[in-house]
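Okay, so here's the structure we're looking at.
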Amino acid sequence: MFDIIIIGAGFAGSVLAERFATQQNKSVLLIERRQHIGGNCYDERDENGILIHKYGPHLFHTDDENVWKYLSKFTDWDVYHHHVQAMIDGQIVPIPFNLNTLHKLFPPPLADKLEAALLNRYDYNTKVPILKLKQSTDNDLRYLADYVYEKIFLHYTEKQWNLSPENIEGAVTARVPIFVGRDNRYFNDRFQAVPSKGYTEIFKKLLSNKNIKLMLNTKFSDVMRVDGDKIYFLDQVFNGLVIYTGQLDDLFNEKFGSLPYRSVDMKFETLNVENYQQAATVNYPNNYDFTRITEFKKIHPINSPKTTILKEYPQDYQRGHNTPYYPIFTEENKNRYDQYAAEVAKIKNLIAVGRLAEYRYYDMDDIVKRALEVFEEISKQNFNV
Ligand code: UDP
Numbered sequence: 001m002f003d004i005i006i007i008g009a010g011f012a013g014s015v016l017a018e019r020f021a022t023q024q025n026k027s028v029l030l031i032e033r034r035q036h037i038g039g040n041c042y043d044e045r046d047e048n049g050i051l052i053h054k055y056g057p058h059l060f061h062t063d064d065e066n067v068w069k070y071l072s073k074f075t076d077w078d079v080y081h082h083h084v085q086a087m088i089d090g091q092i093v094p095i096p097f098n099l100n101t102l103h104k105l106f107p108p109p110l111a112d113k114l115e116a117a118l119l120n121r122y123d124y125n126t127k128v129p130i131l132k133l134k135q136s137t138d139n140d141l142r143y144l145a146d147y148v149y150e151k152i153f154l155h156y157t158e159k160q161w162n163l164s165p166e167n168i169e170g171a172v173t174a175r176v177p178i179f180v181g182r183d184n185r186y187f188n189d190r191f192q193a194v195p196s197k198g199y200t201e202i203f204k205k206l207l208s209n210k211n212i213k214l215m216l217n218t219k220f221s222d223v224m225r226v227d228g229d230k231i232y233f234l235d236q237v238f239n240g241l242v243i244y245t246g247q248l249d250d251l252f253n254e255k256f257g258s259l260p261y262r263s264v265d266m267k268f269e270t271l272n273v274e275n276y277q278q279a280a281t282v283n284y285p286n287n288y289d290f291t292r293i294t295e296f297k298k299i300h301p302i303n304s305p306k307t308t309i310l311k312e313y314p315q316d317y318q319r320g321h322n323t324p325y326y327p328i329f330t331e332e333n334k335n336r337y338d339q340y341a342a343e344v345a346k347i348k349n350l351i352a353v354g355r356l357a358e359y360r361y362y363d364m365d366d367i368v369k370r371a372l373e374v375f376e377e378i379s380k381q382n383f384n385v
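Under this note's numbering, residues 1 to 385 are what the sequence shown spells out, in order.
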């Protein structure tokens with residue numbers, strides 16, 4: 001028998017498996033429904049040797065030194081600063097919208113005037129969420145906000161979420177702020193890099209301890225079930241710790257209704273050209289059904305006469321048919337999530353951790369940090385596993 005059962009081999013489940021196995025010598029069963037580890041961070045080389053991110057571009061960035069140090073035990077890094085551009089009115093411009101973008105899109109006298117208005121109101125090198133800029137009382141700032149909102153945020157967000165920016169939690173569009181400065185990088189964090197051999201290799205190392213037993217191709221419901229305040233594993237009550245990182249509504253057979261997610265159809269194309277675009281990612285807010293194109297060679301450089309690109313087509317999530325990528329944060333959905341979370345709290349040996357299980361828009365560093373914290377919390381409680 002096992003001390004701990006973890007469901008899901010993404011960052012939440014894998015970091016916790018590693019911690020319990022190596023720090024407390026616990027035996028861990030890790031159950032994963034896919035045929036591979038790594039969750040949505042999974043990457044692999046395609047037929048041309050180009051390292052591709054199967055579930056969309058993953059760029060590691062963090063300000064958290066602990067997270068950086070922890071992951072550095074499992075990988076070397078290639079320093080990498082992500083650059084994103086957008087196609088706006090036929091022009092390729094830097095994203096986040098910054099002072100360079102401003103000068104590319106507006107004629108010099110107007111660009112100078114708008115820059116002065118921004119610097120009059122905000123400090124240099126600061127970030128302003130678009131929804132905040134839209135509330136400006138200054139006429140120039142409001143003109144600029146309306147322009148950026150319309151050209152960069154409105155239609156992209158409608159495509160991505162099937163909602164307008166006002167109808168989704170402000171934190172979502174605030175991820176890509178207006179940047180009052182000239183730094184064209186997508187992120188400003190202290191640590192920015194990609195793992196030298198890719199993400200999947202990190203997961204292999206995380207899970208390499210002999211105390212961890214991995215069961216791929218196995219759904220939670222194949223081997224476990226929740227009944228009242230008990231969890232059953234292969235029809236026997238399991239009293240050890242259970243860490244669940246999947247969709248919470250699945251765990252409770254959707255008894256309060258389903259938790260909606262947004263999905264994306266990831267369409268890869270291999271092209272017979274050495275280079276396709278200038279930046280790793282180019283966003284297309286206003287045209288086409290896809291939101292963005294990512295060229296993987298720009299993230300993991302390789303000599304090849306070919307290149308692989310990814311077009312992301314957002315779509316509704318349909319259980320069992322596609323991948324739940326993004327929780328859709330509306331008041332109604334959050335309330336429904338809280339009902340499920342209350343059910344989890346009733347089961348004393350169950351915890352729910354991760355982007356799916358917590359219904360949160362966690363970045364990779366956030367979830368590693370969260371998993372490390374959960375490990376510390378459980379260790380303090382001295383959970384009897
Ligand atoms: N966004 C946008 N236009 C852009 C880039 C982002 O409207 O050119 C909005 C959109 O709502 C998106 C959110 O900002 O879902 C967060 O973007 P991010 O690039 O962080 O999304 P992720 O890489 O997590 O899909």
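For every residue, glycine included, the Cβ atom is placed at its ideal position computed from N, Cα and C.
Hey, is residue i close to the ligand UDP, as in C-beta under 7 Å from one of its heavy atoms?
{"i": "residue 153", "result": "yes"}
{"i": "residue 68", "result": "no"}
{"i": "residue 116", "result": "no"}
{"i": "residue 285", "result": "yes"}
{"i": "residue 180", "result": "no"}
{"i": "residue 307", "result": "no"}
{"i": "residue 273", "result": "no"}
{"i": "residue 156", "result": "yes"}
{"i": "residue 161", "result": "yes"}
{"i": "residue 173", "result": "yes"}
{"i": "residue 279", "result": "no"}
{"i": "residue 95", "result": "yes"}
{"i": "residue 176", "result": "yes"}
{"i": "residue 86", "result": "yes"}
Less than 8 Å between the beta carbons of residue i and residue j, yes or no?
{"i": "residue 354", "j": "residue 4", "result": "no"}
{"i": "residue 31", "j": "residue 88", "result": "no"}
{"i": "residue 133", "j": "residue 15", "result": "no"}
{"i": "residue 263", "j": "residue 323", "result": "yes"}
{"i": "residue 82", "j": "residue 285", "result": "no"}
{"i": "residue 11", "j": "residue 242", "result": "no"}
{"i": "residue 199", "j": "residue 42", "result": "yes"}
{"i": "residue 85", "j": "residue 94", "result": "yes"}
{"i": "residue 308", "j": "residue 268", "result": "yes"}
{"i": "residue 244", "j": "residue 7", "result": "yes"}
{"i": "residue 212", "j": "residue 71", "result": "no"}
{"i": "residue 9", "j": "residue 56", "result": "no"}
{"i": "residue 306", "j": "residue 272", "result": "yes"}
{"i": "residue 362", "j": "residue 370", "result": "yes"}
{"i": "residue 138", "j": "residue 117", "result": "yes"}
{"i": "residue 100", "j": "residue 25", "result": "no"}
{"i": "residue 303", "j": "residue 292", "result": "no"}
{"i": "residue 113", "j": "residue 140", "result": "yes"}
{"i": "residue 125", "j": "residue 372", "result": "no"}
Taking all protein chains shown into account, decide if residue i is buried (16 or more other Cβ within 10 angstroms of its Cβ) or exposed.
{"i": "residue 288", "result": "exposed"}
{"i": "residue 298", "result": "buried"}
{"i": "residue 98", "result": "buried"}
{"i": "residue 129", "result": "buried"}
{"i": "residue 379", "result": "exposed"}
{"i": "residue 345", "result": "exposed"}
{"i": "residue 228", "result": "exposed"}
{"i": "residue 294", "result": "buried"}
{"i": "residue 144", "result": "buried"}
{"i": "residue 377", "result": "exposed"}
{"i": "residue 336", "result": "buried"}
{"i": "residue 234", "result": "exposed"}
{"i": "residue 159", "result": "buried"}
{"i": "residue 342", "result": "exposed"}
{"i": "residue 247", "result": "buried"}
{"i": "residue 1", "result": "exposed"}
Closer than 8 Å, CB to CB, is residue i near chain B or not?
{"i": "residue 336", "result": "The chain inventory of the structure shown lacks chain B, comprising one protein chain alone."}
**Cβ contact check for the region 165-181 and the region 45-55: 3 or more pairs under 8 Å** = no
**Segments of 4+ residues assigned as alpha helix (DSSP H) that fall wholly inside the region 122-199** = 130-133, 139-148, 155-161 and 170-174
**Prompt:** Of all the alpha helix (DSSP H) runs that stay within the bounds of the region 272-358, which reach a length of 4 or more residues?
**Reply:** 331-345
**Message:** With three or more beta-carbon pairs closer than 8 Å as the criterion, would you say the region 158-166 touches the region 203-219?
**Reply:** no
**Message:** Pairs of beta-carbons, one from the region 62-78 and one from the region 33-52, closer than 8 Å: are there three or more?
**Reply:** no
**Asked** In chain order, which alpha helix (DSSP H) runs of at least 4 residues are fully inside the region 31-78?
**Response** 65-72
**Asked** Is there contact here, the region 263-278 with the region 319-334, by at least three beta-carbon pairs under 8 Å?
**Response** yes
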